[in-house]
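Enquirer: I have a structure I would like to understand better, so I am pasting it below and will then ask my questions one at a time.
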């Protein structure tokens with residue numbers, strides 16, 4: 207286990223909850239951005255870093271994808287999947303009927319939109335940089351303010367939980383986190399590999415050919431996604447999560463063939479598929 | 207031309223600039239969210255609506271994709287592509303050396319991150335719901351506040367432009383907007399079609415088979431993207447932009463075959479490919 211783990215803070219974020227589950231006995235160090243988490247691992251301030259990569263309702267965390275694509279040479283060593291339970295928090299003594307302003311991260315506001323429209327139809331939704339930052343803002347907010355965050359943030363910032371499980375689709379809201387490190391994970395027999403690639407040419411037939419390398423070897427693609435190259439509109443970098451470890455013979459062969467067809471190939475790492483602990 | 211066009215406001219957003227270019231003689235009506243723009247068209251408050259769908263640096267506007275997938279039965283009738291030029295704005299009299307807080311939409315903050323880190327290393331970046339909302343916030347902000355927005359917002363809210371073209375990659379920052387309406391566009395001979403589909407089964411071979419329908423008819427896929435189904439993590443809805451009109455015989459045939467293989471197929475519409483006006 208790593209002795210120091212960086213995570214996207216401040217304390218009270220869902221990422222902290224993921225880091226606590228992953229490394230309960232490590233020293234957890236909060237950083238303000240995904241880039242700062244990676245840079246803490248790069249410079250040795252922490253051995254590993256935890257960041258969110260995907261939510262079942264909102265989709266990919268593009269900051270994390272873009273960091274892996276463009277900026278970082280760290281590897282994905284683990285994945286973690288956590289259920290998200292949003293709560294409505296306010297300073298002790300605040301009455302629900304007084305609430306006019308609700309702070310949270312835009313994703314959390316989006317995930318609780320129906321709840322807010324139903325229970326606080328006139329309330330103004332105000333964006334914050336994280337759910338924990340929103341809760342922290344309550345300290346200096348008026349008596350008519352509330353925030354959407356998790357239970358741990360309520361404890362840390364001494365706020366009341368006015369309502370819990372307020373997300374619009376309670377059972378299907380989970381977030382996938384990844385642990386970034388200098389090395390990926392050795393094969394375990396039940397692994398995933400994440401990678402990205404792009405083409406100079408924008409003929410779409412090339413993507414089809416590449417997918418054929420995996421299809422004909424029965425390598426399952428768990429995810430296919432695209433991100434802009436940042437060079438021109440309409441040119442994309444494709445991201446794939448596949449079943450298997452990069453050292454598995456069939457995956458290795460497919461990746462070698464892939465390398466010949468693309469102009470850029472970056473393997474983010476191979477890591478064990480997340481298996482939920484028995485309830 | 208439509209008489210009333212809804213757009214994602216407030217006035218001074220880049221979407222307003224796109225709407226002005228598209229329908230300079232129409233009455234433009236601002237709405238606070240992408241969903242509200244669509245609903246204005248649905249209910250007849252406007253004939254058409256303009257929303258952003260994709261930026262060359264930040265990628266897709268997921269609110270717009272999710273609206274098209276899950277909530278709206280409107281069609282894409284046009285696409286528009288506009289260069290984005292971010293400016294640093296402040297109340298008249300504000301000195302650059304006093305600035306400690308910079309408001310903007312998270313995408314704009316992301317696109318000017320290097321500029322801010324270089325020129326305002328200690329400044330705090332604060333998220334706002336739109337670039338125009340950030341500029342509006344300056345009215346009640348302190349003397350140490352600035353916002354990232356466009357020139358039109360500076361005029362509308364009577365702010366000074368302290369610096370212009372502050373985005374990190376000045377020449378490659380463009381945004382694609384779509385015009386939503388009750389009908390898509392008749393064929394012009396140089397069209398695009400946008401659609402989404404999903405499978406009950408999560409075998410990735412299915413996506414490969416679907417792409418084969420297009421590849422074997424030489425239909426170019428300009429974009430392949432995925433969004434969560436919102437049902438469970440790891441199940442996706444795929445979005446494709448292809449070359450051609452849904453009434454073109456080869457596209458029509460490919461779509462008929464596609465329909466047999468997928469559990470959900472939704473065609474967002476066919477519309478003329480955007481051709482920039484000569485400079």
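Residue numbers (the numbering used here), protein chains in the order written: chain Z, 207 to 485; chain B, 207 to 485. For glycine and all other residues, C-beta sits at the position ideal for the given N, C-alpha and C.
Is the segment 259-274 of chain B touching the segment 378-385 of chain B, taking contact as three or more C-beta pairs under 8 Å?
Expert: Flag = yes, the segment 259-274 of chain B and the segment 378-385 of chain B touch.
Enquirer: Helix, strand or coil for residue 461 (chain B)? Go by DSSP, reduced to three states.
Expert: Here the question's residue 461 (chain B) lines up with position 255 in the second chain. In the structure shown, residue 461 (chain B) sits in a helix (DSSP, three-state: H, G or I).
Enquirer: Roughly how many angstroms separate the alpha carbons of residue 426 (chain B) and residue 465 (chain Z), rounded to a whole number?
Expert: Mapped onto the second chain, residue 426 (chain B) falls at position 220. Mapped onto the first chain, residue 465 (chain Z) falls at position 259. Taking the straight line from one Cα to the other gives about 22 Å.
Enquirer: Got a sec: is the Cβ-Cβ distance from residue 265 (chain Z) to anything in chain B below 8 Å?
Expert: By one-based count along the first chain, residue 265 (chain Z) stands at place 59. Yes, residue 265 (chain Z) lies at the interface with chain B (some Cβ there is under 8 Å from its Cβ).
Enquirer: Looking at chain Z, is there any beta carbon in it that lies within less than 8 Å of the beta carbon of residue 291 (chain B)?
Expert: Residue numbering aside, residue 291 (chain B) sits at position 85 when the second chain is read from its first letter. No, no contact with chain Z.
Enquirer: Using a beta-carbon distance below 8 Å, is residue 430 (chain Z) in contact with chain B?
Expert: Your numbering for residue 430 (chain Z) matches position 224 in the first chain. It does: the Cβ of residue 430 (chain Z) has a partner Cβ on chain B nearer than 8 Å.
Enquirer: Might you give, ordered along the chain, the residues of its own chain that have their beta carbon closer than 6 Å to the beta carbon of residue 309 (chain Z), omitting 5 neighbours on each side?
Expert: In the first chain, the residue the question calls residue 309 (chain Z) occupies position 103. Within the same chain, residue 309 (chain Z) has close Cβ partners 332, 334, 340, 343, 353.
Enquirer: Could you give the residue range of the beta strand (DSSP E) that holds residue 366 (chain B)?
Expert: Here residue 366 (chain B) refers to the residue found at position 160 of the second chain. Run containing residue 366 (chain B): 366-370, per the beta strand (DSSP E) assignment.
Enquirer: Compute the Euclidean distance between the alpha carbons of residue 300 (chain Z) and residue 326 (chain Z), then round it to the nearest angstrom.
Expert: Your numbering for residue 300 (chain Z) matches position 94 in the first chain. Your numbering for residue 326 (chain Z) matches position 120 in the first chain. Approximately 14 Å, taken between the alpha carbons.
Enquirer: When the cut-off is 8 Å and only beta carbons count, does residue 375 (chain Z) lie next to chain B?
Expert: Here residue 375 (chain Z) corresponds to residue number 169 of the first chain, with the count starting at 1. Yes, because at least one Cβ of chain B sits closer than 8 Å to the Cβ of residue 375 (chain Z).
Enquirer: Along the beta strand (DSSP E) that carries residue 221 (chain Z), what are the first and last residues, could you check?
Expert: Here residue 221 (chain Z) refers to the residue found at position 15 when the first chain is read from its first residue. Element bounds for residue 221 (chain Z): not the beta strand (DSSP E) but the alpha helix (DSSP H), 220-228.
Enquirer: Just how far apart, CA to CA, sit residue 394 (chain B) and residue 475 (chain B)?
Expert: By 1-based counting over the second chain, the position of residue 394 (chain B) is 188. By 1-based counting over the second chain, the position of residue 475 (chain B) is 269. C-alpha separation (whole angstroms): 13 Å.
Enquirer: Our contact map puts residue 457 (chain Z) next to residue 444 (chain Z) with C-beta atoms below 8 Å; I'd like the distance itself, whole angstroms only.
Expert: Translated into the one-based positions of the first chain, residue 457 (chain Z) becomes position 251. Translated into the one-based positions of the first chain, residue 444 (chain Z) becomes position 238. With 8 Å as the limit, residue 457 (chain Z) and residue 444 (chain Z) do not qualify as a contact, their Cβ atoms being about 17 Å apart.
Enquirer: Taking residue 368 (chain B) as the reference, which of B:322, B:407, B:402, B:399 has the closest Cα?
Expert: Counting from one through the second chain, the residue named residue 368 (chain B) turns up at place 162. When only C-alpha atoms are compared, the closest one is B:322.
Enquirer: Comparing alpha-carbon positions, which option in B:482, B:398, B:433, B:463 lies nearest residue 450 (chain B)?
Expert: Mapped onto the second chain, residue 450 (chain B) falls at position 244. Measuring from the Cα of residue 450 (chain B), the nearest candidate turns out to be B:398.
Enquirer: Take every Cβ of the segment 347-363 of chain Z, pair it with every Cβ of the segment 290-306 of chain Z, and state whether three or more of those distances are shorter than 8 Å.
Expert: Yes: the two stretches touch, three or more of their Cβ pairs being nearer than 8 Å.
Enquirer: Taking C-alpha atoms, which residue in B:433, B:330, B:282 lies nearest to residue 391 (chain B)?
Expert: Translated into positions along the second chain, residue 391 (chain B) becomes position 185. Among B:433, B:330, B:282, the Cα nearest to that of residue 391 (chain B) belongs to B:282.
Enquirer: Return the CA-CA distance between residue 269 (chain Z) and residue 284 (chain B), expressed in angstroms with no decimal places.
Expert: What you label residue 269 (chain Z) is simply residue 63 of the first chain in a count that begins at 1. What you label residue 284 (chain B) is simply residue 78 of the second chain in a count that begins at 1. C-alpha separation (whole angstroms): 29 Å.
Enquirer: Using a Cβ-Cβ distance cut-off of 8 Å, determine whether residue 437 (chain Z) contacts chain B.
Expert: What you label residue 437 (chain Z) is simply residue 231 of the first chain in a count that begins at 1. Chain B, which has a Cβ nearer than 8 Å to the Cβ of residue 437 (chain Z), makes this yes.
Enquirer: Nearest-angstrom Cα distance between residue 208 (chain B) and residue 241 (chain B)?
Expert: The residue labelled residue 208 (chain B) in the question sits at position 2 within the second chain. The residue labelled residue 241 (chain B) in the question sits at position 35 within the second chain. The straight-line gap from Cα to Cα measures roughly 20 Å.
Enquirer: Checking contacts by CB at 8 Å: is residue 411 (chain B) closer than that to chain A?
Expert: No chain A appears in the structure shown, which is made up of the protein chains Z and B.
Enquirer: Are residue 446 (chain B) and residue 413 (chain B) close, meaning C-beta to C-beta below 8 Å?
Expert: In the second chain, counting from the first residue as 1, residue 446 (chain B) sits at position 240. In the second chain, counting from the first residue as 1, residue 413 (chain B) sits at position 207. No, Cβ-Cβ distance for residue 446 (chain B) and residue 413 (chain B) is not below 8 Å.
Enquirer: Extract the residue ranges of the alpha helix (DSSP H) inside the segment 242-299 of chain Z, only unbroken runs of 4 or more that lie entirely within it.
Expert: Entirely contained in the segment 242-299 of chain Z, the alpha helix (DSSP H) runs reaching 4 residues are, in chain order, 268-272.
Enquirer: So with Cβ pairs under 8 Å, would you call residue 378 (chain Z) a contact of chain B?
Expert: The residue labelled residue 378 (chain Z) in the question sits at position 172 within the first chain. Yes, because at least one Cβ of chain B sits closer than 8 Å to the Cβ of residue 378 (chain Z).
Enquirer: CB-CB under 8 Å to residue 213 (chain B), same chain, minus the five flanking residues each way: which ones, in chain order?
Expert: The residue labelled residue 213 (chain B) in the question sits at position 7 within the second chain. Taken in chain order, the residues that qualify are 219, 221, 222, 224, 225, 234, 235, 236, 237, 243, 255, 256, 257.
Enquirer: Rounded to whole angstroms, how far is the Cβ of residue 440 (chain B) from the Cβ of residue 428 (chain Z), which I believe are closer than 8 Å?
Expert: Your numbering for residue 440 (chain B) matches position 234 in the second chain. Your numbering for residue 428 (chain Z) matches position 222 in the first chain. The Cβ separation is near 6 Å, so the contact holds.
Enquirer: Tell me which residues of the segment 304-334 of chain Z have at least one Cβ-Cβ distance to chain B shorter than 9 Å, keeping chain order.
Expert: Within the segment 304-334 of chain Z, the qualifying residues are 311, 312, 316, 319, 331, 332, 333, 334.
Enquirer: Under 8 Å, do residue 404 (chain Z) and residue 375 (chain Z) count as touching if we go by C-beta distance?
Expert: Position 198 of the first chain holds residue 404 (chain Z). Position 169 of the first chain holds residue 375 (chain Z). Contact flag unset, no.
Enquirer: Look up residue 374 (chain B) in the DSSP assignment and say whether it is helix, strand or coil.
Expert: If you number the second chain from 1, residue 374 (chain B) lands on position 168. Residue state, collapsed to three classes: coil.
Enquirer: Could you name the residues of chain Z that residue 418 (chain B) contacts, counting a contact when the two beta carbons are closer than 7 Å?
Expert: Counted from its first residue, the second chain places residue 418 (chain B) at position 212. Under the 7 Å cutoff, chain Z gives 414.
Enquirer: Please report whether the beta-carbon of residue 268 (chain Z) lies at a distance below 8 Å from any beta-carbon of chain B.
Expert: On the first chain, position 62 is the one that residue 268 (chain Z) refers to. Yes, residue 268 (chain Z) counts as interfacial toward chain B.
Enquirer: Report buried or exposed for residue 406 (chain B), applying the criterion of at least 16 other Cβ atoms within 10 angstroms of its Cβ.
Expert: Here residue 406 (chain B) corresponds to residue number 200 of the second chain, with the count starting at 1. Exposed, by the Cβ-count rule.
Enquirer: Tell me whether the beta-carbon of residue 415 (chain Z) lies closer than 8 Å to the beta-carbon of residue 467 (chain Z).
Expert: As a working mapping, residue 415 (chain Z) is identified with position 209 in the first chain. As a working mapping, residue 467 (chain Z) is identified with position 261 in the first chain. Result yes, Cβ atoms of residue 415 (chain Z) and residue 467 (chain Z) sit closer than 8 Å.
Enquirer: Tell me which same chain residues have a C-beta within less than 7 Å of the C-beta of residue 371 (chain B), skipping the five on either side of it?
Expert: As a first step, residue 371 (chain B) is located in the second chain; it is residue number 165 there, counting from the start. Excluding positions up to five away in sequence, the list reads 291.
Enquirer: In this structure, how does DSSP classify residue 433 (chain B) when only helix, strand and coil are distinguished?
Expert: In the second chain, the residue the question calls residue 433 (chain B) occupies position 227. Strand.
Enquirer: Can you have a look at residue 348 (chain B) and say buried or exposed, based on whether 16 or more other CB atoms are within 10 angstroms of its CB?
Expert: Numbered from 1 along the second chain, position 142 holds the residue referred to as residue 348 (chain B). With fewer than 16 other Cβ atoms within 10 Å, it is exposed.
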